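*Asks:* Got a structure for you, written out below as structure tokens; questions coming shortly.
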Amino acid sequence: MKFPWVRLARALALVWAGFWMFFFIVESWSWHTPLNAALPWVGAGLLFIVLALVPWRWELPGGLLLVVVGFAAGVAYAIWSAARLPVHGRMLTTLAISVPPIVAGVLFLMRRHGGEHLGAGPIRG
């Protein structure tokens, strides 16, 4: 039995997007953030969910998008995170926001270019 890498990629992307969507909503709610200030963060969470779903239909562009967004989110957070936060906290958050989509994207790209040995059968269409 071959390991279903594409399922792992899908699960990883969805867990990543779902976690950040949940985090953005709960953090806004717990801080009593006004709606007009919370909406951009909820919009970012929705964007993450859409990005996690794109590779289910289009593996190549979706995998590329996940890799690019992972790097971009990591760089953006590293640049704009509050300087008063401890360095280890900023590093962990940077990794949490960037590594899962990069890994999921690479798994989608490997399956797209590598064929059936990454699981879930041949690509059709």
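This note's numbering puts the first residue of the sequence shown at 1183, with every later residue one more than the last.
The beta-carbon is built from N, C-alpha and C at its ideal position, and this holds for glycine as well.
Note that this is a predicted model, so its numbers are computed, not measured.
Quick one: what's got a C-beta closer than 8 Å to Ala-1260's C-beta in the same chain, skipping five residues either side?
*Replies:* If we look at Ala-1260 and ignore the five residues flanking it on each side, its Cβ neighbours are Arg-1272 and Thr-1276.
*Asks:* So the candidates are Trp-1198, Val-1288 and Ala-1219; which of them puts its Cα closest to the Cα of Val-1232?
*Replies:* Of the listed residues, the one whose Cα sits closest to Val-1232 is Trp-1198.
*Asks:* Tell me the DSSP secondary structure of Pro-1268 in three-state form.
*Replies:* The answer is coil: DSSP assigns Pro-1268 none of H, G, I, E or B.
*Asks:* Is Ile-1284 closer than 8 Å to Gly-1244 when the C-beta atoms are compared?
*Replies:* No; because the gap between Cβ atoms is not below 8 Å, this pair is not in contact.
*Asks:* Taking DSSP as the reference, what is the three-state secondary structure of Ser-1263?
*Replies:* If DSSP states are grouped into helix, strand and coil, Ser-1263 belongs with coil.
*Asks:* Are the beta-carbon atoms belonging to Arg-1293 and Val-1208 less than 8 Å from one another?
*Replies:* Result no, Cβ atoms of Arg-1293 and Val-1208 do not sit closer than 8 Å.
*Asks:* Note down the Cα distance separating Val-1288 from Trp-1202, rounded to an integer number of angstroms.
*Replies:* Taking the straight line from one Cα to the other gives about 20 Å.
*Asks:* Look at the Cβ atom of Ala-1195, then the Cβ atom of Ala-1258, and state whether they are nearer than 8 Å.
*Replies:* Contact: no.
*Asks:* Work out the CA separation of Ala-1234 and Ala-1264 for me, nearest whole Å.
*Replies:* Answer to the nearest angstrom: the Cα atoms are 27 Å apart.
*Asks:* Could you check whether Ile-1279 and Ala-1255 sit closer than 8 Å to each other, using their CB atoms as the reference points?
*Replies:* Yes; because the gap between Cβ atoms is below 8 Å, this pair is in contact.
*Asks:* Skipping 5 residues on each side, what residues in its chain have a beta carbon closer than 6 Å to that of Phe-1230?
*Replies:* The answer, listed in chain order, is Ala-1199 and Trp-1202.
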